[in-house]
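*Asks:* 164 is the number of the first residue of the sequence shown in this note's numbering; add one for each residue after it. Note that CB positions come from ideal geometry on N, CA and C, so glycine has one too. Note that this is a predicted model, so its numbers are computed, not measured.
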Amino acid sequence: MSCKAVFLDKDGTLIEDIPYNVDPDRIQLSLEVTQALQKLHQAGYLLIVITNQAGVAHQFFSESALDAVEQRLHHLFKQVGVALSGFYYCPHHPDGIVKQYAIACDCRKPQPGLLLRAAHDHDIDLTQSWFVGDILHDVEAGRAANCQTILLNNGNETEWKLSPTRLPHHLVSNLAEAAEVILAVDQPPANARPGFYHTPNSAENIASQFIDSWQSFKVLVIGDVMLDCYLHGKADRLCQEAPVPVVAIAEQVDFPGGAANVAANVSRLGVNPFLLSVVGQDESYDHLQAALKQHSIQTEGLVVTTERSTLVKQRVVANSHLLLRLDQGSTAVLSQETETKLICSLFDLVPVCDAIIISDYGYGVMTPKIIQTLADLQKDYQKTLVVDAKKLSLYQFIGASAVKPNYLETLQLLQLPQQAGDRVAQLLPHQDKLLHLTGANRVAVTLDRDGVLMVEKNHSPFHLPTLPAPTHHTSGAGDTFVSTLTLALAADAPTLTAAQLATAAAAIVVTQPGTTTCTAHELRRKVDPSLCGK
Ligand SMILES: [Mg+2]
């Protein structure tokens, strides 16, 4: 019968990543790694090291120096009661200076050659085996060999060139967590609850599992609500008073806008939102209420007041072209009574919700006192809290799990000029400053056609490209992104997975005209191609 194996990258995965180290004395196993190896060994996995050793091709050391490395590893494994079943290395590099090793081989990761050789030597069933590494080349090699793959997200991957062939099945922080995933996936306990470790073996299905797990959440959305109104008509003549088109309006379509659109997105993703904001006692609110009702959003959290008129953004669309936007509504300072009502609601709702989204367009709902109240409550309750605000600097001390500025908001924050070139390259050097100025654990900079740059405290940044979409109507995509990101983070998704889900949801929305939302079902189909047509 074929064996199952766990293939382990060496540097940065099994042992500390010391470049071109072949000194046995500098090779140690940490206690955490030792315990992981013991668990995997006891569960019957062969443990095999798969390593690129380009130092041979570059003449940093001789191939024979690797014998001492292998012997050292055998010794360390044996000391803790574990067998090292194989040590496979690739000595090649196409740019090497030692002629015999300076070749484009089939064994240097991301090629799967070493895995295939080990499988042949040890009669290993690769489909029942795992590859654990710390960079995406490891993942690509593992996937090419039909193994399940785990990426240690420990900062060693810096380029994040993601593609379907480089997408890890699981993302963890260290080898101990990787061992837990392997054991839980291969031998789920009888009473396993649905969750990350007990999913079918694909990255797509892992993402899908988070969608399942957030369905029972309660999410508080607070900020500026507005009515997004589209007046559709035909324009076939010019006005006599001035050279402007005359539009014969045939239809009015209303959508929830601003924080209300965030709530609509949360609702369509299968989660019950509680919307807190202020509206006027007017006809526009009647329209907004009807639009919210269509998304099954309760309106009891909206403070209705005669001090303000409801915010409306009215667009005139003729022959599918957007001609004009008309903004109206009150942005006056809230009265003390209205502010107090919102603050009382926060005291009621924050303790019982799973996540909070702030959608602040600068129209006056998010007063300094309300922001301070949220900051105080956040200290006590530590909720997943995501901020989408025109002026992020107001939220520096709120304890945000993530903030989501767009490119221009990011430039404003960093006081940088706008540029036409590579926007990711422009922002990357400022990652620490971005984290400092926002006070957030993560900053997701949305760059529309250029995707998303994610900066996270104590982690390497990564960039996700925009997913392909047939058209680019961008209205509402930011709200979809922030809603999905919040739900995924609240469901304890790793940041990469949360960002992937949010990017996928935004890609769905940009294919649809007007301010729209993405359903949980659409998102599942997008992240799990096996569900296409279901
Ligand atoms: Mg490595």
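Closer than 7 Å: is that where the CB of Gly296 sits relative to any heavy atom of ligand 1?
*Replies:* As a first step, residue 296 is located in the sequence shown; it is residue number 133 there, counting from the start. Under cutoff, so the answer is yes.
*Asks:* Spatial neighbours of Phe373 within its chain, please: CB distance less than 6 Å, with the 5 preceding and 5 following residues excluded, ordered by chain position.
*Replies:* Here residue 373 refers to the residue found at position 210 of the sequence shown. Closer than 6 Å at Cβ, skipping near neighbours: Ala651, Ala654, Ala656.
*Asks:* Measuring from the CB of Gly464, is there a heavy atom of ligand 1 at a distance below 7 Å?
*Replies:* Numbered from 1 along the sequence shown, position 301 holds the residue referred to as residue 464. No - ligand 1 has no heavy atom lying nearer than 7 Å to the Cβ of Gly464.
*Asks:* Rounded C-beta distance between Val708 and Tyr264? I'm assuming under 8 Å.
*Replies:* The question about residue 708 has no answer here: the residues shown for the chain are numbered 164 through 697.
*Asks:* According to the neighbour-count rule (16 or more other Cβ atoms, all chains shown, within 10 Å of its Cβ), is Gly386 buried or exposed?
*Replies:* Translated into positions along the sequence shown, residue 386 becomes position 223. Gly386 is buried by the Cβ-count criterion.
*Asks:* Quick check: does the Cβ of Thr321 come within less than 7 Å of any heavy atom belonging to ligand 1?
*Replies:* As a working note, residue 321 is residue 158 in the sequence shown. Thr321 Cβ: outside cutoff for every heavy atom of ligand 1.
*Asks:* For Ser430, report the span of its alpha helix (DSSP H) as first-last.
*Replies:* Residue 430 sits at position 267 when you count from the first residue of the sequence shown. First-last of the alpha helix (DSSP H) with Ser430: 422-431.
*Asks:* Less than 8 Å between the C-beta atoms of Ala304 and Lys272, yes or no?
*Replies:* What you label residue 304 is simply residue 141 of the sequence shown in a count that begins at 1. What you label residue 272 is simply residue 109 of the sequence shown in a count that begins at 1. Yes. Within cutoff.
*Asks:* Judging by CA-CA distance, which residue of Arg235, Asp399, Ser225 is the nearest neighbour of His255?
*Replies:* Here residue 255 refers to the residue found at position 92 of the sequence shown. Of the candidates Arg235, Asp399, Ser225, the one whose C-alpha sits nearest the C-alpha of His255 is Ser225.
*Asks:* Mind checking whether Asp297 and Thr176 have CB atoms under 8 Å apart?
*Replies:* As a first step, residue 297 is located in the sequence shown; it is residue number 134 there, counting from the start. As a first step, residue 176 is located in the sequence shown; it is residue number 13 there, counting from the start. Yes, these two residues count as a Cβ contact at 8 Å.
*Asks:* Let me know if Arg400 comes out buried or exposed under the rule of 16 or more other beta-carbons within 10 Å of its beta-carbon.
*Replies:* In the sequence shown, residue 400 corresponds to position 237, counting from 1. Exposed, since its Cβ has fewer than 16 Cβ neighbours within 10 Å.
*Asks:* Give the DSSP bridge partners of Gln415, in chain order.
*Replies:* Working through the sequence shown from its first residue, we reach residue 415 at position 252. DSSP lists Leu394 as partners of Gln415.
*Asks:* So, is Arg356 buried or exposed, given that buried needs 16 or more other C-beta atoms within 10 angstroms?
*Replies:* Locating residue 356 in the sequence shown gives position 193, counting from the first residue. Here Arg356 scores only 31 on pLDDT, less than 50, and its place in the model should not be relied on; the value that follows carries that caveat. Arg356 is exposed by the Cβ-count criterion.
*Asks:* Exposed or buried, Met164, counting other C-beta atoms within 10 Å across all chains shown (16 or more means buried)?
*Replies:* What you label residue 164 is simply residue 1 of the sequence shown in a count that begins at 1. Classification for Met164: exposed.
*Asks:* So, helix, strand or coil for Lys324, using DSSP?
*Replies:* Position 161 of the sequence shown, counted from the first residue, corresponds to residue 324. In the structure shown, Lys324 sits in coil (DSSP, three-state: anything other than H, G, I, E or B).
*Asks:* So for Ala339, helix, strand or coil by DSSP?
*Replies:* Within the sequence shown, the letter at position 176 stands for residue 339. Helix.
*Asks:* By a C-beta neighbour count over all protein chains shown, 10 Å radius and 16 as the cutoff for buried, is Ile260 buried or exposed?
*Replies:* Locating residue 260 in the sequence shown gives position 97, counting from the first residue. With fewer than 16 other Cβ atoms within 10 Å, it is exposed.
*Asks:* What residues in its chain sit with their C-beta under 7 Å from that of Leu279, if we drop five residues either side in the sequence?
*Replies:* Along the sequence shown, read from residue 1 onward, the residue named residue 279 stands at position 116. These residues qualify, in order along the chain: Ala308.
*Asks:* Report whether the distance from the Cβ of Thr176 to the nearest heavy atom of ligand 1 is below 7 Å.
*Replies:* One-based indexing of the sequence shown puts residue 176 at position 13. Because some heavy atom of ligand 1 lies under 7 Å away, the Cβ of Thr176 counts as near it: yes.
*Asks:* On the CB-based measure, 16 or more other CB atoms within 10 Å of its CB, does His300 come out buried or exposed?
*Replies:* For the purposes of this step, residue 300 is taken as residue 137 along the sequence shown, with counting starting at 1. By the 10 Å Cβ count, His300 comes out buried.
*Asks:* For the stretch 435-511, list the beta strand (DSSP E) runs that are entirely contained and at least 3 residues long, ordered along the chain.
*Replies:* With a minimum length of 3 residues, the continuous beta strand (DSSP E) runs that stay inside the stretch 435-511 are 435-443, 465-468, 475-481, 484-491.
*Asks:* By the DSSP assignment, the beta strand (DSSP E) with Arg605 in it spans what residues?
*Replies:* Walking along the sequence shown from the start, residue 605 turns up at place 442. Taken as a continuous stretch (DSSP letters only), the beta strand (DSSP E) holding Arg605 covers 605-609.
*Asks:* Is it the case that the CB of Asp172 approaches a heavy atom of ligand 1 more closely than 7 Å?
*Replies:* Counting from 1 along the sequence shown, the entry for residue 172 is found at position 9. The answer is yes for Asp172.
*Asks:* Reducing DSSP to helix, strand and coil, say where Pro254 ends up.
*Replies:* Along the sequence shown, one-based indexing puts residue 254 at 91. Pro254: coil per DSSP, three-state reduction.
*Asks:* Going by alpha carbons, who is nearest to Ala454 out of Val429, Phe437, Pro419, Leu438?
*Replies:* In the sequence shown, counting from the first residue as 1, residue 454 sits at position 291. Checking every option, the nearest Cα to that of Ala454 belongs to Pro419.
*Asks:* Just to check, is the beta-carbon of Asp180 closer than 7 Å to a non-hydrogen atom of ligand 1?
*Replies:* One-based indexing of the sequence shown puts residue 180 at position 17. Checking the Cβ of Asp180 against ligand 1 gives yes.
*Asks:* Using CA atoms only, rank isn't needed, just tell me which of Ala426, Gly443, Cys166 is closest to Phe437.
*Replies:* Here residue 437 refers to the residue found at position 274 when the sequence shown is read from its first residue. Selected option, being the one with the closest Cα: Ala426.
*Asks:* When we look at the beta-carbon of Gln205 and count the other beta-carbons within 10 Å, is it buried (16 or more) or exposed?
*Replies:* Counted from its first residue, the sequence shown places residue 205 at position 42. By the neighbour-count rule (16 or more Cβ atoms within 10 Å), Gln205 is not buried but exposed.
*Asks:* Work out the CA separation of Ser508 and Glu500 for me, nearest whole Å.
*Replies:* Start at 1 with the first residue of the sequence shown, and residue 500 comes out as number 337. Start at 1 with the first residue of the sequence shown, and residue 508 comes out as number 345. Cα to Cα, the separation comes out at about 13 Å.
*Asks:* Going by other Cβ atoms of all chains shown within 10 Å of its Cβ, with 16 needed for buried, is Gln491 buried or exposed?
*Replies:* Reading the sequence shown from its first residue, position 328 is the one you call residue 491. Gln491 comes out exposed.
*Asks:* Within this structure, are the beta carbons of Gly602 and Ala565 separated by less than 8 Å?
*Replies:* Start at 1 with the first residue of the sequence shown, and residue 602 comes out as number 439. Start at 1 with the first residue of the sequence shown, and residue 565 comes out as number 402. It is not a contact, given that the beta carbons lie outside the stated cut-off.
*Asks:* Any idea if Lys262 is buried or exposed, counting beta-carbon neighbours within 10 angstroms, 16 or more meaning buried?
*Replies:* To locate residue 262, count along the sequence shown from 1; it is residue 99. Its Cβ having fewer than 16 others within 10 Å, Lys262 is exposed.
*Asks:* Checking contacts by CB at 8 Å: is Leu451 closer than that to chain C?
*Replies:* Note that chain C does not occur in the displayed structure, where there is just one protein chain.
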